[in-house]
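The letter at position 64 of the sequence shown is residue 70 when you use my numbering, and the numbering goes up by one with no holes.
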Amino acid sequence: MTAGHDDRDGLDGQDGLDPLLAVLMDEPAPPGADAAYLAGRRAAEADVALLRRELTALGDALAGPPAAQDTPEQQPAPARAVRPVRRRRLLPAALGLAAAGAVVTLLGWLVVQTGNGTGGGDDSASGATASDAKPAFGGRFDNPEYFACAALIAEGDVTDVRRVPGAAGHRVTLRVTRAYKPERTAPTVTVTVEDETAPAPRAGDHVLVGLQREARIADLWISGEAAIAPERQTLTDQLTAAQGLPCP
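As structure tokens, then:
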């Protein structure tokens with residue numbers, strides 16, 4: 007303590023314990039201690055109690071929500087509020103450190119998620135482009151039974167497109183350029199396609215069509231050489247695999 011307490015018969019300084027040291031060592035106040043020493047001891051006790059609460063709050067803030075019975079706010083306030091500035095500094099600083107750590111973790115998570123989201127978006131866009139570049143076959147090219155039950159699979163050039171009277175569809179006439187099943191067909195064939203067929207048939211288009219037995223509407227329609235060419239080998243292989251298979 008300060009020199010102003012040097013007349014306390016050696017109760018602090020070199021001949022006795024300082025009040026703060028006595029509190030830390032849990033030593034009782036010496037007999038005959040004067041009022042100044044006792045006041046200093048009370049202040050030291052309040053400071054130590056406050057420090058303990060701040061350390062508890064720091065531990066709770068870093069470890070997570072405390073149990074209800076251990077919450078510092080539920081403990082009675084000290085009888086004497088000493089050095090409130092220290093309280094304002096310690097707890098916000100501890101919480102600030104914990105919050106800063108949480109922010110760094112959150113930012114790292116956001117960076118990872120943003121990277122994954124961007125990649126996913128690119129993959130989706132690539133998938134959409136690939137899907138647009140070639141028609142969806144609904145798995146028909148992977149199913150030999152489709153070819154076993156096919157009445158017609160052929161390539162040709164569209165020569166005529168006419169709406170079917172009283173029906174939602176178009177009658178399309180093709181000049182056959184390559185027949186898959188049967189291997190030989192008439193020079194021209196006519197099939198009916200739905201209005202929703204995409205891309206819509208137009209005269210001059212090169213298309214691949216498929217029609218199942220006893221069906222009245224084509225269920226396979228691929229338009230354009232760029233979309234047809236990659237499927238020719240698969241088409242030939244599946245027709246070979248389907249030879250001799252019964253139609254369910």
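Heads up, the beta-carbon is just placed ideally off N, CA and C, and yes, glycines get one too.
For clarity, every value in this text was computed on a predicted model and none was experimentally measured.
Answer yes or no: do Ala-55 and Arg-47 have a C-beta to C-beta separation smaller than 9 Å? Looking up residue 55 in the sequence shown gives position 49. Looking up residue 47 in the sequence shown gives position 41. No, these two residues do not count as a Cβ contact at 9 Å.
Extent of the continuous alpha helix (DSSP H) run through Leu-30: One-based indexing of the sequence shown puts residue 30 at position 24. Unbroken alpha helix (DSSP H) run through Leu-30: 25 to 30.
For Arg-219 and Thr-194, I'd like the C-alpha separation in whole angstroms. Residue 219 sits at position 213 when you count from the first residue of the sequence shown. Residue 194 sits at position 188 when you count from the first residue of the sequence shown. Cα to Cα, the separation comes out at about 18 Å.
Assign Glu-161 to buried or exposed, taking buried as 16 or more other Cβ atoms, counted over all protein chains shown, within 10 Å of its Cβ. The count along the sequence shown starts at 1 and reaches residue 161 at position 155. Under this definition Glu-161 is a buried residue.
Would Asp-153 and Gln-239 qualify as a contact pair, given that the criterion is a beta-carbon distance under 9 Å? Numbered from its first residue, the sequence shown carries residue 153 at position 147. Numbered from its first residue, the sequence shown carries residue 239 at position 233. First, the amino acid is wrong: residue 153 is Phe here, not Asp. Taking 9 Å as the cut-off, the beta carbon of Phe-153 is found no closer than this to the beta carbon of Gln-239.
Using the Cβ count rule (16 or more neighbours within 10 Å means buried), how would you classify Pro-207? Counted from its first residue, the sequence shown places residue 207 at position 201. Pro-207 counts as buried, since no fewer than 16 other beta carbons sit within 10 angstroms of its beta carbon.
Go through its chain and collect everything with a Cβ distance to Arg-222's Cβ below 7 Å, but skip five positions before and after it. Along the sequence shown, read from residue 1 onward, the residue named residue 222 stands at position 216. Apart from sequence neighbours up to five positions away, the residues of its chain that approach Arg-222 with a beta-carbon distance below 7 Å are Thr-198, ordered along the chain.
What ranges does the alpha helix (DSSP H) occupy inside the stretch 142 to 186, keeping only unbroken runs of at least 4 residues that lie completely in it? For the stretch 142 to 186, whole alpha helix (DSSP H) runs of length 4 or above, ordered along the chain, are 150 to 154.
Could you give the C-beta distance for Asp-211 and Gly-175, rounded to a whole number, given that I count them as a contact under 8 Å? The residue labelled residue 211 in the question sits at position 205 within the sequence shown. The residue labelled residue 175 in the question sits at position 169 within the sequence shown. Contact doesn't hold; Cβ gap of about 17 Å is too wide.
DSSP three-state label for Glu-237, please. Locating residue 237 in the sequence shown gives position 231, where the first residue counts as 1. Reduced to three states, the DSSP call for Glu-237 is helix.
Simplified DSSP state of Gln-249, which is helix, strand or coil: Counted from its first residue, the sequence shown places residue 249 at position 243. Three-state DSSP puts Gln-249 in coil, outside helix and strand.
Beta-carbon contacts of Asp-166 that lie in its chain and below 6 Å, excluding the five residues immediately before and after: Position 160 of the sequence shown, counted from the start, is the residue given in the question as residue 166. Once the five neighbours on either side are set aside, the close Cβ partners of Asp-166 are Thr-179.
In angstroms with no decimal places, state the Cα-to-Cα distance between Pro-254 and Glu-231. Locating residue 254 in the sequence shown gives position 248, where the first residue counts as 1. Locating residue 231 in the sequence shown gives position 225, where the first residue counts as 1. Using only the alpha carbons, I get a separation of about 32 Å.
Where do the N-terminal and C-terminal ends of the alpha helix (DSSP H) with Thr-194 fall, by residue? Residue numbering aside, residue 194 sits at position 188 when the sequence shown is read from its first letter. In the DSSP annotation of this structure, Thr-194 is not part of any alpha helix (DSSP H); the continuous beta strand (DSSP E) holding it starts and ends at 194 to 200.
Rounded to whole angstroms, what is the Cα-Cα separation between Tyr-186 and Ala-235? What you label residue 186 is simply residue 180 of the sequence shown in a count that begins at 1. What you label residue 235 is simply residue 229 of the sequence shown in a count that begins at 1. Taking the straight line from one Cα to the other gives about 14 Å.
For Ala-204, is the classification buried or exposed, using 16 other Cβ atoms within 10 angstroms of its Cβ as the cut-off for buried? Taking the first residue of the sequence shown as position 1, residue 204 is located at position 198. Ala-204 should be labelled exposed.
Less than 9 Å between the C-beta atoms of Ala-248 and Pro-171, yes or no? Numbered from its first residue, the sequence shown carries residue 248 at position 242. Numbered from its first residue, the sequence shown carries residue 171 at position 165. For Ala-248 and Pro-171, no; Cβs fall outside 9 Å.
Smallest Cα separation from Thr-246: which of Glu-189, Leu-44 and Ala-233? Residue mapping note: residue 246 aligns to position 240 of the sequence shown, counting from 1. That would be Glu-189, whose Cα lies nearest to the Cα of Thr-246.
Contact set for Leu-158: own chain, Cβ-Cβ below 6 Å, skip 5 residues either direction: The residue labelled residue 158 in the question sits at position 152 within the sequence shown. So the list reads Leu-217, once near-sequence residues are dropped.
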